[in-house]
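For reference, the structure is listed below as C-alpha cells.
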Amino acid sequence: MAGKITVFVGGENIISPLGWGIQETFSNAENGKTGLRELAQPFQGIEKLHAAKFQNSSFSTDSAIAEFAGESCHGNLEELHFTHQPEERWLFVLSTTKGDIAHLKSGDVMRANPYYLMQQLQKELPFSSEGKVISCACISGLSALIYAADKIAADQVDHALVIGADLLSEFTTLGFESFFALDAAQCKPFDRHRNGLNLGEAAASVVLSKDKNLFKSKPFQYLGGATSNDANHISGPSRTGEGLYRAVSKALKYSGKHADDIGFISAHGTGTLFNDEMEAKAFSRLGLEKTPLNSLKGYFGHTLGAGSLVELAMTMRSMRVGLLLKTFGCINPGTETELNVLKENLEIDVKLALKTASGFGGCNAAVLIGKQ
C-alpha cells in the first residue's frame, strides 16, 4: 500500500493487434473495432481459433514479444520529460505469465526464461534500473503495478517503468481449451449467453513516479492497491466472490476512499460463466452494482500477464478524454446479480476508477487511480 510519498502514474501505452500505440488503439475501440478475428490452424491440432494475434509480418526477429514489448516501452519514454540523472533510482518490472515461451520448442530454455526477456528489454532503456519479474497468473499486471508503487512509496526507488507482455501460444491455448473455456466466436463478457473467453497477445506499459513533473501530460494519482486469494480451487474462482471482495475492500481502506466514491469499474470480465458471476457478486456486496462498468476482453481477448495493464491504460485514456467504452460483445447483460454493464460508449467525467483482475489459483487484485 502507498505510504507518505505520493505516487503518480501516467505515460500509458499499448501495442496490440487493435492498434500500434495508445491513441490508435483507443480510437479503434471507440469506433467499435476489435482486434479479435478467426485464425485458421494457428497451432497443430487446432483447426480454428477466435483470438487477437499480430500479423506475422509485423516483426523482423525471432522474438516478437521482445519487439512489441520494446515498442511499448519506447512509447512511454516519449511521454516523459526525461533527462537522465545518474542519481535517480529506476525500477523496471516485467509482468508476464509465460515470457518468450515459443523458444521452448527449440530447446532454448535460457531465452524462454522471463528473466532473460526482462534483461533484453532493460538493455534498450536509456537508464540503468533494478529489474523484477512478476508472474502471478492473470493478476500479474496489477501485482507488478502494486509492487512498483510500494517501492516508490517506501522511498526505495524514484521511478518505475512497468510493462506487461504475453504471446498467444500453443501452450496457453491448449490449456484453456482443455477447460472448455474458449468461445469459438466473439466472446461476450457479462452477457447472459456468454460461452467462454477469447485469447490475445499484447504489451502495455505505464510509468510510476514520485515526481509529477516527469510526465508531459498530467498524471493520475495511484491511491491504493491490494491482492488476495480465494484459497478455493486451482482454476475455479470462489463462487461467492470472497477473494475479489477482500482485495477491493483492502484497496479502499489503503486509499482512504469509500465504495460510493468510485465512478467507474474496469472489470476482469473474461466472458466465462463463473468469472463474470463471481465478479457480479463481489461488486454487489461492495454496493457497486449501479456503478458504470465495462470489460475490454471483447477488444483484445484475454492477454494474460498483459491484460490488467492493457485495461488500466485504456481506463486512464478514458478518464483523460471523458469517454467510457462499451463492453464489446455484451448485448443482454445476464449475471444473477445485476450490474451496470456499459452496452454503449458513455461520455462522463470520472474522478476515481477501480481496476480489478482475477486469475488461476484464486488470485485477485484491485487498484484505485484518481484524477488530481
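Once you know that position 333 of the sequence shown is 520 in my numbering, the rest is easy, because the numbers rise by one and skip nothing.
We treat Cβ as the ideally placed atom computed from N, Cα and C, and that holds for glycine.
- E254 has its alpha-carbon roughly 8 Å from the corresponding atom of T248.
- Taken in chain order, the complete alpha helix (DSSP H) segments of 4 or more residues contained in the stretch 417-486 are 429-442, 460-472.
- Membership of V344 in any beta strand (DSSP E) is not indicated, and neither H nor E is assigned to it by DSSP.
- If you draw a straight line from the Cα of G351 to the Cα of G232, it is about 28 Å long.
- A distance below 8 Å separates the beta carbons of N532 and K513.
- Take E464, set aside five residues on each side of it, and the residues of its chain with a beta-carbon closer than 7 Å to its own are T522, E523, in chain order.
- Residue environment analysis places P273 among the exposed positions, since fewer than 16 neighbouring C-beta atoms fall within 10 angstroms of its C-beta.
- The beta-carbon distance between A390 and S250, rounded to whole angstroms, is 12 Å. This is too long to meet the 8 Å contact definition.
- Proximity to E317 across L369, N200, M305 peaks at M305, based on C-alpha coordinates.
- Residue nearest to S322 within the set A331, N519, D345 is A331 (criterion: CA-CA distance).
- Listed in chain order, the beta strand (DSSP E) runs fully inside the stretch 291-321 are 317-321, counting runs of at least 3 residues.
- Counting only unbroken stretches of 4 or more residues, the alpha helix (DSSP H) elements lying wholly within the stretch 194-250 are 209-217, in sequence order.
- Burial of D287 is indicated by the presence of at least 16 other C-beta atoms within 10 angstroms of its C-beta.
- Within the same chain, and ignoring the five residues on either side of R379 in sequence, the residues whose Cβ sits closer than 6 Å to its Cβ are N519, G521.
- Rounded to the nearest whole angstrom, the C-alpha separation of K285 and F487 is 18 Å.
- Residues L278, V280, A347, V349, L395 of the same chain have their beta carbon placed closer than 7 Å to that of A335, with the five preceding and five following residues left out of the count.
- Shown here, D378 sits in a strand according to DSSP, grouped into three states.
- Taken through DSSP and simplified to helix, strand or coil, S282 comes out as strand.
- Residues D345, H346 of the same chain have their beta carbon placed closer than 7 Å to that of E275, with the five preceding and five following residues left out of the count.
- In the displayed model, S396 falls within a strand according to three-state DSSP.
- Straight-line spacing of the CA atoms in T212 and T283 works out to 21 Å.
- DSSP, read as helix, strand or coil, puts N527 in strand.
- Annotation: K375 to A239 spans about 15 Å, alpha carbon to alpha carbon.
- Looking only at G197, N551, R298, the smallest Cα-Cα distance to S422 is reached by N551.
- Here the stretch 402-422 makes no contact with the stretch 353-360; the two share fewer than three CB pairs at distances below 8 Å.
- Taking C-beta atoms as the reference points, G412 and A438 count as a pair closer than 8 Å.
- Excluding residues up to 5 positions away in sequence, K235 lie with their Cβ nearer than 7 Å to the Cβ of A227 in the same chain.
- Closest by C-alpha distance to S392, out of K530, L496, E225, is L496.
- Collapsing the DSSP output to three states places A372 in coil.
- Shown here for Y303: same chain residues with a beta carbon closer than 7 Å to its own, the five before and five after excluded, namely M297 in chain order.
- For F358, the secondary structure class from DSSP, reduced to helix, strand or coil, is helix.
- In terms of CA proximity to T543, A553 leads the group A553, I209, D337, G262.
- Within 10 angstroms of the beta-carbon of I192 lie fewer than 16 other beta-carbons, which makes it exposed.
- Excluding sequence positions up to five before and after D536, its CB lies within less than 6 Å of the CB of G509, all in the same chain and listed in chain order.
- For the pair F377 and L526, the CB atoms are nearer than the 8 Å cut-off.
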